[in-house]
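Below is one structure, written out as structure tokens, with a few remarks after it.
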Amino acid sequence: MPESRPLSIPVILGTNRKGRMSVHAARFVSQLLQRREGVITELIDIGQLEHQLDDNGQGTGDPRYASCMARADALVIVAPEYNHAMPGLLKHVLDSCLKEYIHKAAGIVAVSAGPFGGTRVIESSLPVLRELGLVTIFWDVNVGSVSKTFNEQGELLDPAFVRRTDKFLGELIWMARTLRYGRDNIPLS
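Heads up, the sequence shown is in our numbering, so the first residue is 66 and it goes up one at a time.
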């Protein structure tokens with residue numbers, strides 16, 4: 066059954082480092098989402114947000130980011146693995162919202178220069194996302210040895226990445242629809 070309003074699923078590029086290869090994965094996932102019927106997306110580069118460090122909690126956030134999260138039905142977090150965890154700035158950005166995330170789906174695309182494909186960033190991020198009120202899906206996308214998946218210009222080198230990402234997005238969209246129905250129709254008791 067088609068929905069009257071499209072699902073909003075932004076992609077968050079979770080690093081601001083120069084030379085970041087994870088930008089290629091974020092752009093690719095965003096392009097695949099744009100092709101999905103009934104879905105709108107935007108790429109949010111945390112390096113382009115206005116960050117405040119002189120406040121706490123939601124007072125640190127960029128109002129544009131908070132507004133996007135309020136509209137979102139789900140989100141994709143593209144997170145490189147830095148020392149077994151998500152980048153500190155990504156954690157700071159995620160912590161700038163709370164009520165905007167409640168009962169919304171989240172999926173992680175983990176990026177690593179090494180062979181483990183960001184497995185440890187996924188593992189360490191799941192409790193954080195749960196605490197924020199997000200509902201994580203059970204499919205993840207691991208981009209190990211990212212330079213073998215994308216070249217320096219962002220061109221895809223590994224066609225298997227398309228199948229894995231499509232499966233991930235299918236699960237995310239299903240969960241986003243299910244949770245939207247719940248938020249819209251089922252009161253919390």
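Even for Gly, the Cβ is constructed at its ideal location relative to N, Cα and C.
It should be emphasised that the depicted structure is a prediction, and the values quoted were computed from it without experimental measurement.
Taking the alpha carbon of residue i as the reference point, which residue from the options has its own alpha carbon closest?
i: I202; options: G182, Q117, V141, I111; result: V141
i: M86; options: S69, L191, V208, A241; result: V208
i: H116; options: G219, Q99, F181, D127; result: D127
i: F181; options: V206, L197, E196, T125; result: V206
i: Y257; options: L118, D119, I111, A139; result: One cannot answer for residue 257 here, as it falls past the ends of the chain, which runs 66 to 254.
i: L221; options: K83, Q99, H89; result: H89
i: N81; options: L72, Q113, V94, S95; result: Q113
i: Q99; options: K164, C162, V76; result: V76
Rounded to the nearest angstrom, how far is the Cβ of residue i from that of residue j, given a contact under 8 Å?
i: A144; j: I173; result: 6 Å
i: S177; j: E217; result: Actually they do not touch by this definition, with Cβ atoms about 17 Å apart.
i: L97; j: T230; result: 6 Å
Does the Cβ of residue i have 16 or more other Cβ atoms within 10 Å, making it buried, or fewer, making it exposed?
i: I74; result: buried
i: M66; result: A caution first: M66 carries a pLDDT of 48, below 50, which makes its placement in the model unreliable, though a value can still be read off. M66 comes out exposed.
i: S210; result: exposed
i: R228; result: exposed
i: S132; result: exposed
i: I238; result: buried
i: R245; result: buried
i: L194; result: buried
i: I109; result: buried
i: L78; result: buried
i: S254; result: exposed
Taking C-beta to C-beta, are residue i and residue j nearer than 7 Å?
i: R70; j: H168; result: no
i: V200; j: A170; result: yes
i: A241; j: A91; result: no
i: I198; j: Y166; result: Note that residue 198 is Gly in the sequence shown, not Ile. Yes, Cβ-Cβ distance for G198 and Y166 is below 7 Å.
i: W204; j: F226; result: no
Given the structure, does residue i come close to the ligand NAD, in the sense that its CB is under 6 Å from one of the ligand's heavy atoms?
i: Y246; result: As presented, the structure is devoid of all ligands, the ligand NAD included, so that no description of it is given.
Across the stretch 144–162 and the stretch 177–191, are there enough close Cβ pairs to call them in contact, namely three or more that are closer than 8 Å?
Under the Cβ criterion (8 Å, minimum of three pairs), the stretch 144–162 counts as touching the stretch 177–191.
Would you say the stretch 96–105 touches the stretch 155–162, given that touching needs at least three Cβ pairs under 8 Å?
Touching, no.
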